[in-house]
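In my numbering, the protein residues as written are 20 to 175. Below: the structure, in structure tokens.
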Amino acid sequence: MKTIEGVVAAPGARVAIAIARFNNFINDSLLEGAVDALKRIGQVSDDDITVVWVPGAYELPLTVRALVDTKRYDAVVALGTVIRGGTAHFEFVAGECSSGLASVAMESVVPVAFGVLTTESIEQAIERAGTKAGNKGAEAAMTALEMINVIKAIKA
Ligand code: INI
């Protein structure tokens, strides 16, 4: 039996982070968690991390596609926060963001980690950005690194 399982450490990996400015008071914490995880746990060097800010979560798929197309990155981490309001806007922004990111990953075979919070309230978002429910930015960063290693091992 052959088992393939990736480790998280990926020294030498080049990682891009695409991050939305909308709800940036939450996204700043996601970014802090992601960069900390990449460097401290993943052993990724500061020079190998590129951060790209865009207006909102809706813009993340196009941004990630542009980053992937450069072939300069081994993985991309998408960070943002979509909070449900009183209109259908939430469904459109969150839905397009998530399906768009999935399409980029499937078409390119470059890992795209989904660090976009989709919550019912600001409180739920705060809980997932470094307080009682962990930091989803850090989790997404570690997922990206593990997937770099899994895809590499599959192709080897
Ligand atoms: N963008 C977000 O990242 N989060 C939100 O909660 C949000 N809401 O609620 O409107 C949001 N809207 C902006 C959107 O992402 C685009 O930037 C905008 O529609 C222009 O394309």
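Even for Gly, the Cβ is constructed at its ideal location relative to N, Cα and C.
Sorry if obvious, but does the Cβ on A163 come closer than 8 angstroms to a heavy atom of the ligand INI? It does not: the Cβ of A163 is nowhere closer than 8 angstroms to a heavy atom of the ligand INI.
With DSSP as the reference, label T69 as helix, strand or coil. In the structure shown, T69 sits in a strand (DSSP, three-state: E or B).
Could you have a look at I23 and say whether DSSP puts it in helix, strand or coil? Under the three-state reduction of DSSP output, I23 falls in the coil class, being neither helix nor strand.
Does the distance from the CB of V34 to the CB of L57 come in under 9 angstroms? At a Cβ-Cβ threshold of 9 angstroms, V34 and L57 count as neighbours.
Looking only at its own chain, which residues have a Cβ that is under 7 angstroms from the Cβ of G25, when we skip the five neighbours before and after it? The residues are E165, M166, N168, V169 and A172.
Could you check whether the Cβ of E139 sits closer than 8 angstroms to any heavy atom belonging to the ligand INI? Outside the cutoff, so no.
Below 8 angstroms on the Cβ atoms is my contact criterion, and I expect G61 with A29 to pass it. Report the Cβ-Cβ distance as a whole number of Å. Taking C-beta atoms under 8 angstroms as the contact rule, G61 and A29 qualify, at a distance of about 5 angstroms.
Does at least one heavy atom of the ligand INI sit under 8 angstroms from the Cβ of I102? At least one heavy atom of the ligand INI is found less than 8 angstroms from the C-beta of I102.
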